[in-house]
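Here the structure comes first, spelled out in C-alpha cells, and everything after it is commentary.
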Amino acid sequence: MKLCTPKQMQNNDRRAIDDLGIPGLELMENAGSSVVEAILEQYGDPSGKAVTIVCGKGNNGGDGFVAARKLYEHNAIIELYLIGEREGVKGDARTNLIRAEEMGLSIHELKSANDFDIKDSTSLIVDAIFGTGFSGDIGEPYAGIIRKINEHPAFVVAVDAPSGLDGSTGEVSDPTVMADITVTFGLPKYGQAVYPGKKYCGYLMTADIGFPEEVIEEAEIELFHIMEDEAAELLPHRSPDMHKGDFGKLFVLAGSTGMTGAAAMTAEAGLRSGTGLVILGCPSGLNDILETKLTEAITKPLPEVRKRRCFALRGLGEVREMVKWADAIAVGPGIGTYHETRDLIFRLLTKLDKPAVFDADALNILAKNMDILRDHSAPLVISPHPGEMSRLTGKSIEQIESNRIDIALEFAAEFNLVCILKGAPSVIAAPSGQAWINSTGNDGMATAGSGDVLTGLIGGFLAQGLMDIDAAVLGCYLHGYAGDLAAEMLGPRGMIAGDILEMVPEALARLEEG
Numbered sequence: 001m002k003l004c005t006p007k008q009m010q011n012n013d014r015r016a017i018d019d020l021g022i023p024g025l026e027l028m029e030n031a032g033s034s035v036v037e038a039i040l041e042q043y044g045d046p047s048g049k050a051v052t053i054v055c056g057k058g059n060n061g062g063d064g065f066v067a068a069r070k071l072y073e074h075n076a077i078i079e080l081y082l083i084g085e086r087e088g089v090k091g092d093a094r095t096n097l098i099r100a101e102e103m104g105l106s107i108h109e110l111k112s113a114n115d116f117d118i119k120d121s122t123s124l125i126v127d128a129i130f131g132t133g134f135s136g137d138i139g140e141p142y143a144g145i146i147r148k149i150n151e152h153p154a155f156v157v158a159v160d161a162p163s164g165l166d167g168s169t170g171e172v173s174d175p176t177v178m179a180d181i182t183v184t185f186g187l188p189k190y191g192q193a194v195y196p197g198k199k200y201c202g203y204l205m206t207a208d209i210g211f212p213e214e215v216i217e218e219a220e221i222e223l224f225h226i227m228e229d230e231a232a233e234l235l236p237h238r239s240p241d242m243h244k245g246d247f248g249k250l251f252v253l254a255g256s257t258g259m260t261g262a263a264a265m266t267a268e269a270g271l272r273s274g275t276g277l278v279i280l281g282c283p284s285g286l287n288d289i290l291e292t293k294l295t296e297a298i299t300k301p302l303p304e305v306r307k308r309r310c311f312a313l314r315g316l317g318e319v320r321e322m323v324k325w326a327d328a329i330a331v332g333p334g335i336g337t338y339h340e341t342r343d344l345i346f347r348l349l350t351k352l353d354k355p356a357v358f359d360a361d362a363l364n365i366l367a368k369n370m371d372i373l374r375d376h377s378a379p380l381v382i383s384p385h386p387g388e389m390s391r392l393t394g395k396s397i398e399q400i401e402s403n404r405i406d407i408a409l410e411f412a413a414e415f416n417l418v419c420i421l422k423g424a425p426s427v428i429a430a431p432s433g434q435a436w437i438n439s440t441g442n443d444g445m446a447t448a449g450s451g452d453v454l455t456g457l458i459g460g461f462l463a464q465g466l467m468d469i470d471a472a473v474l475g476c477y478l479h480g481y482a483g484d485l486a487a488e489m490l491g492p493r494g495m496i497a498g499d500i501l502e503m504v505p506e507a508l509a510r511l512e513e514g
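Taken in order, the sequence shown gives residues 1 to 514; the numbers are from my numbering.
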C-alpha cells in the first residue's frame, strides 16, 4: 500500500473535490462513518455506553461530529466537546456541527482544560482534535485536554491521527494522544508507520472514504507500507506435482569459531522459507558440530585457516563450484573478518553471477573496500543494521537513524542493489528510488541471531525465483510476522531468534490462508 505524507494526502483530497467534483461533505460523511465502523469492529456495540468525543475546529473536528451522530444512532450516550467557539468552525465542519445539534446533541465549548471533565463511566473516547496536518508543539488548552484523555482508562479512537503526532515525520509533541486504534483515511501516513509515532497510533486501520482509484493510483508516491495481502501475493508459486529441485537450491556460506549458531539458523531459515535444497558451506573444523545441529540441510566442509576455523582463500574454487550448483546464495553470518576470509569474499563478489544476499560480517568486510561493491553484476540484497550501515557509509549512527529512508535510497541507487536498513521499522530501498516500510515486528526481535533468520529467508526466496526486491520485501514481512506470532505466544521479553524461526511455518500458513 502506498504510504504518503499529509501534504500528498491533501493534494489527493483537493484533486477529488476540485477536479473530479466529489463533494467534500460526502468525503467527511464517509470519514466519520468509517470511524464508527472501526469502533463496531474493534470496540464492540456502543449501545448504552458513555462516549466522549472531542473535536477541534477544522475538518478533523467535522469528522468527529459525523461520528457523534452515527454513534448516537447506535444508542450511545454522547458527551460532545468542541475546543473553542462555534463561530470558529467553518465550511463542511460547520455543516456537520449544525447537523449534530439538530439531532439533539449538545456541544460543550471548551475554552480551558479545566472545563473538560471526562466522566468515570466513560468507556470510549474519540479524538478528533487535530488530524494528520499537525506539526510543532501543543499549547493550552489542548495540552491539558490531551493529558486528561491519556489519564482516563477508556478505549481511545483517533480520527485520522492521534492529536500531537506529526504525520510527516513521526515525531510526537508533549503530550500526544495515546490511541488504542487509529482510523486514517485514504492512505496511511509516513508518521504513522515509524517510531515514535507508530506507538501512539495503536492498531492502525486505513479506511476507504470514496477517493476514486485513479486519484490514489496517479499520485506520485514512491513510498510503500508492506501489508499482509501484498506480502501474500509475493509468495512463490507451488504446485502439487513439483519436486524439491523445483523449489530452489540455496548455498549458504556462514560460520566460524563460536558462530556455528549463526550458520545453522541461516541454513534452517532458508529451508523454512520453502526452499527445496540448502547446502551450508562451513569451515571444515566445524563440520561435525553443524552436522549435529542440522538434520535437513546438507553441510559442505570447506578449507579453513588452521587453528582459526574460518574460511581460507584456497577454498575459493570449491565455493564457486557450489555457486554454480545453487540458484541463489546467502553470505556472511558469523564468518568473521580474518584477512583470508576477507579476500575470499572480495573475489567471490566480483565474479558472482547468481542472486545473493550479503549480511553481517560480509558487510563488515565490504566496508573495507567499497569499490568491490560497485563491481557486482548479479542481483544483490544487503541487510545492514545501523552500525553496519555506519561502517558502509562513513555516517554516524545518529545521522542514519534521523534520515533512514533517504540514506537507504541513496545507498541502493549508488551501488545498484537492494538495501534493507534494519530497525524499528525496517526500510527496504530499491535502486529505482522506491522504498518500503515494514509493518511487522516487535522489540522481542532485538536479539542475537534474529538477522541470521532474515538472511536465510531472503536467500530462500531468491532461490525460489523471486526478484531481489520482492525477496527482500517478503522476507522482511514474514520475518516480522513470525516474530509477532512468537511474541503473542511467549511475550517479547524472553524471545530468542530460534522462537522466530519456529514460527515461520505458522506465519507462512496464515499468509497463504489470507
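We put the beta carbon where it would ideally sit given N, CA and C, even for glycine.
Item, Value
"Contact belief for Gly334 with Ala312 at Cβ below 8 Å, rounded distance in angstroms", "Not really, about 16 Å apart at Cβ, beyond 8 Å."
"Beta-carbon proximity check, Ala487 vs Gly449, cutoff 7 Å", "no"
"C-beta contact flag for Ile428 and Val473 at 7 Å", "yes"
"Separation of Gly441 from Pro303, as counted between CA atoms", "38 Å"
"6 Å Cβ shell around Met259 - same chain, five flanking residues per side excluded", "Gly334"
"Residues of its chain near Arg404, where Cβ-Cβ distance is below 7 Å and the 5 sequence neighbours each way are ignored", "Leu421, Gly423 and Val427"
"Residue range of the unbroken alpha helix (DSSP H) whose run includes Phe590", "Given a span of 1 to 514 for the chain in the structure shown, any question on residue 590 remains unanswerable."
"Reference Glu513, options Asn60, Ala231, Asp92 and Gly459, closest by Cα", "Ala231"
"6 Å CB neighbourhood of Leu97 in its chain, flanking five on each side removed", "Phe65 and Val89"
"Segment limits, alpha helix (DSSP H) that includes Asp343", "His339 to Thr350"
"Coil, strand or helix - Lys148 by DSSP", "helix"
"6 Å Cβ shell around Gly156 - same chain, five flanking residues per side excluded", "The identity of residue 156 in the sequence shown is Val, whereas the question assumes Gly. Correct list, in chain order: Ile125, Ala179 and Asp180."
"Any C-beta of chain D under 7 Å from that of Lys119", "Absent here is chain D; the protein component of the structure consists of one chain."
"Residue closest to Met265, alpha-carbon to alpha-carbon, out of Ser284, Met242, Lys119 and Ala297", "Ala297"
"Sequence-distant residues of the same chain with beta carbon closer than 6 Å to Gly133, five excluded per side", "Pro6"
"Sub-7 Å separation of Ile78 and Ala113 beta-carbons", "no"
"Spatially closest choice to Asn416 from Ile382, Lys148 and Asp117, by CA coordinates", "Ile382"
"CB of Lys354 within 7 Å of CB of Ala330, strictly", "no"
"Contacting residues, own chain, Cβ-Cβ under 8 Å from Ser106 (five flanking each side not counted)", "Leu80"
"For His479, the first and last residue of its enclosing beta strand (DSSP E)", "Counting along the chain, His479 falls outside any beta strand (DSSP E), though it belongs to the alpha helix (DSSP H) covering Asp468 to Leu490."
"Enclosing beta strand (DSSP E) for Cys201 [first to last residue]", "Here Cys201 belongs to no beta strand (DSSP E); instead the alpha helix (DSSP H) covers Gly197 to Cys201."
"Minimum C-alpha distance to Ala76 - residue among Lys49, Glu87, Ala93 and Gly56", "Lys49"
"Beta-carbon proximity of His74 to Ile118, cut-off 7 Å", "no"
"Opening and closing residue of the alpha helix (DSSP H) in which Thr292 lies", "Asn287 to Lys293"
"Proximity of Val194 and Asp127 at Cβ, strictly below 7 Å", "no"
"Among Gln399, Thr393, Ser402 and Ile397, the one whose alpha carbon lies nearest that of Glu414", "Thr393"
"Cβ-based neighbour list, Glu228, same chain, cut-off 6 Å, excluding 5 preceding and 5 following", "Gly514"
"Under the three-state DSSP convention, the category Phe65 falls into", "helix"
"Proximity winner among Gly332, His237 and Glu87, relative to Glu388 (alpha-carbon distances)", "Gly332"
"Start-to-end residues for the beta strand (DSSP E) that takes in Phe185", "Ile181 to Phe185"
"Straight-line gap, Ala93 to Arg69 (C-alpha atoms, nearest Å)", "13 Å"
"Delimiting residues of the beta strand (DSSP E) encompassing Tyr43", "Note, Tyr43: premise wrong, no beta strand (DSSP E); not H, not E."
"6 Å CB neighbourhood of Ser135 in its chain, flanking five on each side removed", "Asp166"
"Outcome for Ile149 when other beta-carbon atoms lying within 10 angstroms are tallied against a minimum of 16", "buried"
"Contained alpha helix (DSSP H) runs [length at least 4] in the region 73-155, N- to C-terminal order", "91-102 and 142-151"
"Where Asp327 falls, given that 16 or more other Cβ within 10 Å makes a residue buried", "buried"
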